[in-house]
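Asker: Sequential numbering from 40 applies to the sequence shown in the working numbering.
For glycine and all other residues, C-beta sits at the position ideal for the given N, C-alpha and C.
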Amino acid sequence: MKFKDSVVEERFQYLHPLLQTILKQMDDFAKAKYGIELTLTATCSTSDEDRALGRKSDTHRTRRASDVRTRDLPESLIAELCAVFRKKYGNLGAKLNNQAQLIVYRPHGTGPHLHIQLNRKYAQPEMKYVTT
Ligand SMILES: [Zn+2]
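Okay, structure coming up:
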């Protein structure tokens, strides 16, 4: 697994363990089937960072969401990741329009990515991160 930068990498450890497991399995899947290592572009955030980004959802600051870069992935891999992991863990996903949605693939502002999100019941308290 690769990380966009050292902040994203350092904060991976604070994600909910279930999400860490799902992300590692997605990375293993991409490596085994395509020889591709996935890149995480976002893990945990703070309220201040979410405000600056104009983020409405609290999933990143409650440590239950992560973003996977898709611009360097074949469409077939993106489709397989969505199909396989929605089937395996879809019931753990956050509710969107009253339906559990583990993976949201919606190209927008910060570039195309897969937003992987756990249900609100897995929300963790926001952290005060020390940046080194
Ligand atoms: Zn996201």
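Taking the continuous alpha helix (DSSP H) assigned at Arg94, which residues delimit it?
Answerer: Taken as a continuous stretch (DSSP letters only), Arg94 belongs to no alpha helix (DSSP H), as it is neither H nor E.
Asker: Grab the span of the alpha helix (DSSP H) containing Thr128 for me, first residue to last.
Answerer: Reading off the sequence, residue 128 comes out as Tyr, not Thr. Unbroken alpha helix (DSSP H) run through Tyr128: 114 to 128.
Asker: In whole angstroms, what is the alpha-carbon distance linking Leu141 and Gln64?
Answerer: Distance between the alpha carbons of Leu141 and Gln64: 14 angstroms.
Asker: Report the residue from Thr82, Leu77, Arg94 whose alpha carbon sits nearest the alpha carbon of Leu116.
Answerer: Leu77
Asker: Less than 6 angstroms separating the Cβ of Ala104 from some heavy atom of ligand 1?
Answerer: yes
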